[in-house]
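Undergrad: Structure in structure tokens, see below.
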Amino acid sequence: MSSRDASDYADGCVIGATSSSRDYIEAPSFLYDVDQDIRQMKSALGATNLLEDSGYQSIMEKCSSSIAASLPIEMILDEQSEADSTDDSWDGFVTVGNERVRIKDLSDILATRFALMTGARTCDDLTIVTFPDSRCLLSFESYRLLITYLLQVHPMEDSQRGFVLIIDRRADKWSSSFFPGKIHVVYLLKPEGVLQRALEVGYRGIADSCAFKVFQFESSVELRSCFKAEQLTMDIGGLIKYNHLEYVQHRMDIERMKSSASAIAEALNEFAKTLRETELPNDADTTARILQTQTCERVAIKEDIKIAMRKCTALLRAVRQNEIKPSAAQLSPTRLHNVSSIERMLIQLDETEKSFDSFWGKHERRLTSCLQLRQFEDLFRKLQASFARHMLYLEEHRGVGDGVAQATQLAQAHAQYTATAMEDVQAAKELKKKGDELRTANEDEHSDSVLPKCDELERMADALTSALERRTQVLRISCTMHDEIRRANAWCSRGVDLLTSLPAVETPSAARTSLTKLDSFLHESNDICLDSWTNANPAENFVLLTTTETSTLITQVAERMNDILRISAARRDAIARTEEARSRNPPVQVVTPEKKPREREDRSKREKVVKKMEEEDETLRIEDDNTTDENDPNLWIAYVCIAHCTLFVMTLLEVMPNVHYQRQCRHRNRPEERRAKKRR
1 MSSRDASDYA DGCVIGATSS SRDYIEAPSF LYDVDQDIRQ MKSALGATNL LEDSGYQSIM
61 EKCSSSIAAS LPIEMILDEQ SEADSTDDSW DGFVTVGNER VRIKDLSDIL ATRFALMTGA
121 RTCDDLTIVT FPDSRCLLSF ESYRLLITYL LQVHPMEDSQ RGFVLIIDRR ADKWSSSFFP
181 GKIHVVYLLK PEGVLQRALE VGYRGIADSC AFKVFQFESS VELRSCFKAE QLTMDIGGLI
241 KYNHLEYVQH RMDIERMKSS ASAIAEALNE FAKTLRETEL PNDADTTARI LQTQTCERVA
301 IKEDIKIAMR KCTALLRAVR QNEIKPSAAQ LSPTRLHNVS SIERMLIQLD ETEKSFDSFW
361 GKHERRLTSC LQLRQFEDLF RKLQASFARH MLYLEEHRGV GDGVAQATQL AQAHAQYTAT
421 AMEDVQAAKE LKKKGDELRT ANEDEHSDSV LPKCDELERM ADALTSALER RTQVLRISCT
481 MHDEIRRANA WCSRGVDLLT SLPAVETPSA ARTSLTKLDS FLHESNDICL DSWTNANPAE
541 NFVLLTTTET STLITQVAER MNDILRISAA RRDAIARTEE ARSRNPPVQV VTPEKKPRER
601 EDRSKREKVV KKMEEEDETL RIEDDNTTDE NDPNLWIAYV CIAHCTLFVM TLLEVMPNVH
661 YQRQCRHRNR PEERRAKKRR
């Protein structure tokens, strides 16, 4: 197709370019609102303070320092490119088609300037791909990687609509037969060499065999008749100030950022897989260790994401070049595409971070809940063992004491032990409350495991509290019982002393005194109630009455009191009868009878018996004070026997003089009978 046909074709597609030279000196107008772009990017990210408040300084930020500000931008970018090329952590791989290529290798291919996309479009909104006269040779593999990469970095809509190719082969030939995109029109600048023009017939054959339109031009002047000056680069007579090294630098930085983001995404996937496959341990220490380890890994990944976002933000500032190139004439047309790519990358990083935070929050709650459950189970087992020890202690310590002092000592020791045991009871109540909260927070997950343990804690606390209270009540009853036994023994001792101290032959005044003492002594017995311990509610005194020593002691003391009561009551009745008989007899003149030798002997014997009994009683009393205990049953049996013998002797001593006296009175009142008897 000739240049005239190409001009006719271009008249329907583009606005014809005027032949005036002023069309080639007008500066292109790029209406790109940088401030609006920044506001949209920040609103989309929603994490500006993370990017602004960080102390990290990337390579791009170093370029804007006070030292680098005095250098030309080309030198800064070249130094930056060299620094990046030696930085293994910044360099990476890029996927071109189905192949993984090192970013440095792709950068070398792009730097050949064999093909480029300036971002210019036709009036039909078709992307222009330019093959400049770079005068370099590329292998087919390198050419395929170059074309595939240039077409894949642009949106999918551009590939679907197709491309317009401008091929400058004025100093070379065009023999490439690979282009992965849809071609609408090809504008070809024919070679200018003698040999190339001799082969012009071959070019016509190629153009006729193509499925798309091919326009061939002799020079760039003919090409400018089909395009505006703003659509062509300056090397083919256009006005686009295209800096290919800057484009390559920005694209490689973007690819490095994508590689870094891909590495972060891969690390996130591996970490998320590890989190999903984490099995919940059965002990609290392992759970806490896993939680701590995974938290550290999560912090490291979060820091990688933050560093990537800071680098991406610094790269965004470098690509915009708002501070270095404030005027629109100095800006590259490819900037909008690169800025959009970086902003999309920032938004993806932010969304990835939010998704990871959401996933980590669920996993952390799961691990924290598991840790709380394991800690709850450990505390439950410890309290269960403590309650078992307390119950065993109460089972082994069932003694109630042999006296008031020992019972009081046991009660004090039990009070101290109760204070210690109640701490475990309070801990069980708090643990049950924590278990209820854990079950409420994780109702579906831990309800089957926590609920039975909470019920068991309540049961153990109630059982231990009841056992402690029962033991306290038993010791209190034991103290009261031993105090009653002590009072009963003291009362019996006073009774024996009282009975032995009463005179054998009493005068009326002495008899009245004895009656008063005996009545007071018998009245004191009403305050001592040993029968209540044997006749009371069995549930209250079960522990006390189940021991042989306690039951035997209570029985012996009760029998001793009954004996003293019976003897004292018999003595009182005897004295009372004597006084009553004495009050009924008429008064008689007291005549001192003549003491016969036999009466004197009887009286002397009685005095000796009484004196001997008093000495034996004193001896027994001294031995009782020095060697025996007041609770000795044999001693009290001896006391009872002595009291019986004393009562019997005193009764004889009282009865025999009365009988003798009555006989004397009867003989005095009946002299006739005596005389008759004598006669008989």
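Using this note's numbering, the first residue of the sequence shown is number 1, and each one after it goes up by one.
All C-beta atoms, glycine included, are put in the ideal place defined by N, C-alpha and C.
1. If you follow the alpha helix (DSSP H) that Thr339 is in, where does it begin and where does it stop?
2. With a threshold of 16 other CB atoms inside 10 Å of the CB of Pro72, please say whether the residue is buried or exposed.
3. Going by Cα to Cα distance, which pick from Val221, Tyr417, Cys226, Val248 is closest to Asp235?
4. Would you call the CB atoms of Ala115 and Leu146 closer than 8 Å?
5. Bridge partners for Tyr187 per DSSP, in chain order?
6. Between Ala488 and the rest of its own chain, which residues show a CB-CB distance below 7 Å, the 5 nearest in sequence each way excluded?
7. Taking the alpha-carbon positions, what's the Thr112 to Phe93 distance?
8. Which two residues bound the contiguous beta strand (DSSP E) that contains Thr130?
9. Tell me whether Arg439 is buried or exposed, calling it buried when 16 or more other Cβ atoms sit within 10 Å of its Cβ.
10. Are Leu499 and Ile575 closer than 8 Å when you measure CB to CB?
11. Determine the contact status of Phe212 and Ile183, defining contact as a CB-CB distance below 8 Å.
12. Can the beta-carbon of Ile254 be found less than 8 Å from the beta-carbon of Ser341?
13. Can you tell me where the beta strand (DSSP E) holding Phe93 begins and where it ends?
14. Need the endpoints of the beta strand (DSSP E) that Val101 sits in, please.
15. Considering only the beta carbon of each residue, do Leu410 and Gly403 sit closer than 8 Å?
16. Which residues does DSSP list as the beta-bridge partners of Thr681?
17. Does the beta-carbon distance from Glu458 to Lys432 come in below 8 Å?
18. Please determine, among Leu383, Ala314, Ala120, Arg298, the residue with the shortest C-alpha to C-alpha distance to Ser355.
19. In whole angstroms, what separates the C-alpha of Glu141 from that of Gln249?
20. According to DSSP, is Leu245 part of a helix, a strand, or is it coil?
21. Could you pull the start and end residues of the alpha helix (DSSP H) that Thr420 belongs to?
22. Helix, strand or coil: how does DSSP classify Leu116 here?
23. Can the beta-carbon of Ala308 be found less than 8 Å from the beta-carbon of Ile264?
24. When the distance is taken between beta carbons, is Ser107 closer than 8 Å to Met345?
25. May I have the straight-line CA-CA distance separating Trp90 from Asp304, to the nearest angstrom?
26. How long is the line joining the alpha carbons of Val153 and Glu266, rounded to whole angstroms?
27. Apart from the five residues just before and just after Thr278, which ones in its own chain have a Cβ nearer than 7 Å to its Cβ?
28. Tell me the residue span of the alpha helix (DSSP H) that contains Thr228.
29. Can you find at least 3 beta carbon pairs, one from the region 411-419 and one from the region 460-476, that sit closer than 8 Å?
30. DSSP three-state label for Asp573, please.
31. Give every residue of the same chain whose Cβ lies closer than 7 Å to the Cβ of Asp436, excluding the five residues on either side of it in the sequence, and list them in chain order.
32. So if DSSP puts Arg121 in a beta bridge, which residue, or which two residues, is it bridged to?
33. Measuring CB to CB, does Arg100 end up less than 8 Å from Asp125?
34. Take the Cβ of Arg320 as the centre, count every other Cβ of all protein chains shown within 10 Å, and call the residue buried at 16 or more, exposed below.
35. Going by CA-CA distance only, name the one from Ser551, Glu559, Ile167 that's closest to Cys492.
TA: This is what the structure gives:
1. Note on identity: in this sequence residue 339 is Val, with Thr being the wrong assignment. Here the alpha helix (DSSP H) through Val339 covers 335-396.
2. Its pLDDT being 35, under 50, Pro72 is placed unreliably by the model, and nothing is read from it.
3. The candidate whose alpha carbon is nearest that of Asp235 is Val221.
4. With respect to Leu146, Ala115 sits close: the two C-beta atoms are nearer than 8 Å.
5. Bridge partners of Tyr187: Ile166, Phe215.
6. For Ala488, where only same-chain residues beyond five positions count, the Cβ hits under 7 Å are Ile528, Leu530, Val557, Met561.
7. Answer to the nearest angstrom: the Cα atoms are 19 Å apart.
8. Segment 127-131, the beta strand (DSSP E) holding Thr130.
9. Arg439 sits buried, since 16 or more C-beta atoms from the chains shown fall within 10 Å of its C-beta.
10. Using a Cβ distance threshold of 8 Å, Leu499 and Ile575 do not count as a contacting pair.
11. Yes, the pair counts as a contact, with Cβ atoms nearer than the cut-off.
12. Going by C-beta atoms, Ile254 is nearer than 8 Å to Ser341.
13. Start and end: 93-96.
14. Segment 99-102, the beta strand (DSSP E) holding Val101.
15. Cβ atoms of Leu410 and Gly403: not closer than 8 Å.
16. With the chain covering 1 to 680 only, the question about residue 681 has no answer from this structure.
17. The answer is yes: Cβ separation under 8 Å.
18. It is Arg298.
19. One C-alpha to the other measures close to 22 Å.
20. Helix at Leu245.
21. Boundaries of the alpha helix (DSSP H) around Thr420: 404-441.
22. The DSSP-derived three-state label of Leu116 is strand.
23. Closer than 8 Å, so yes.
24. Not in contact: Met345 and Ser107 (Cβ atoms no closer than 8 Å).
25. Confidence at Trp90 is low in this model, with a pLDDT of 49, below 50, so its placement is unreliable and the value that follows should be read with caution. Spanning the two alpha carbons is a distance of roughly 12 Å.
26. So the alpha carbons of these two residues sit roughly 22 Å apart.
27. When the five nearest sequence neighbours on each side are left out, the beta carbons in the same chain lying within less than 7 Å of the beta carbon of Thr278 are those of Ile290, in order along the chain.
28. Here the sequence assigns Lys to residue 228, which means Thr is not the residue at that position. In the DSSP assignment, Lys228 falls outside any alpha helix (DSSP H) and carries neither an H nor an E.
29. A contact exists between the region 411-419 and the region 460-476.
30. DSSP places Asp573 in helix when its eight states are reduced to three.
31. Contacts found: Cys454.
32. Residue pairing for Arg121: DSSP places it in a beta bridge opposite Thr127.
33. For the pair Arg100 and Asp125, the CB atoms are not nearer than the 8 Å cut-off.
34. Within 10 angstroms of the beta-carbon of Arg320 lie 16 or more other beta-carbons, which makes it buried.
35. Here the closest residue by C-alpha is Glu559.
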